[in-house]
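FYI, in the working numbering the residues of the sequence shown are 6 to 149.
Idealized CB from N, CA, C, for every residue including glycine.
Computed from a predicted model, the values in this text were never measured in an experiment.
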Amino acid sequence: MAELHWIKTSAELIGRFTSALDDSEHNLNSLAMAIGVTRGALHKFRNGDVKNVQAWIMEECARELGVSKGWLIWGTGEKDGDSGGLAICPRLGCEFGDETGHTKFCPEHGDGLIRECPECGKSLLAPGQNFCGFCGSPLKTEKD
Ligand SMILES: [Zn+2]
Ligand SMILES: [Zn+2]
6 MAELHWIKTS AELIGRFTSA LDDSEHNLNS LAMAIGVTRG ALHKFRNGDV
56 KNVQAWIMEE CARELGVSKG WLIWGTGEKD GDSGGLAICP RLGCEFGDET
106 GHTKFCPEHG DGLIRECPEC GKSLLAPGQN FCGFCGSPLK TEKD
């Protein structure tokens, strides 16, 4: 059985959460849906109405919001420190790749970078990769 870990809520924690939420494409509702909690639960947390929040909820929030767990939960390290490996441009023929986690768009094409296979969610291996190495789905599309 999984242990229940609780994190004490604080103004700082809520502040980091709000800032990560603002930077993301999520709102409270879509985030709640993505991590499988009720919208009310996240609203209460964001409004500072709960004293503690379960650790897994914060971990899932960090994953969905693309920020590092340590930063979100404890305020340690870089905000997007482990936002996850290689990001590549989804345009066929483009070999742009970024591993810093700081780049969100291809500087050449302006396309939003992808960080994982849209089909299976596995991480990417190389900037020029056209197909997912795990499930074989195409990663890049031709655009004019
Ligand atoms: Zn590109
Ligand atoms: Zn895949």
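Inclusion of cysteine 111 and cysteine 122 in the CB contact set at 8 angstroms is not warranted, their separation being larger than that value. Boundaries of the alpha helix (DSSP H) harbouring isoleucine 62: 60 to 70, taken from the DSSP string. Straight through space, the alpha carbons of lysine 109 and cysteine 99 are spaced by roughly 15 angstroms. Taking 7 angstroms as the cut-off, the C-beta of lysine 109 does not count as close to any heavy atom of ligand 2.
Look at alanine 131 here: in three-state DSSP terms it is coil, with no helix or strand label. The stretch 70 to 87 and the stretch 19 to 35 touch, with no fewer than 3 CB-CB distances between them shorter than 8 angstroms.
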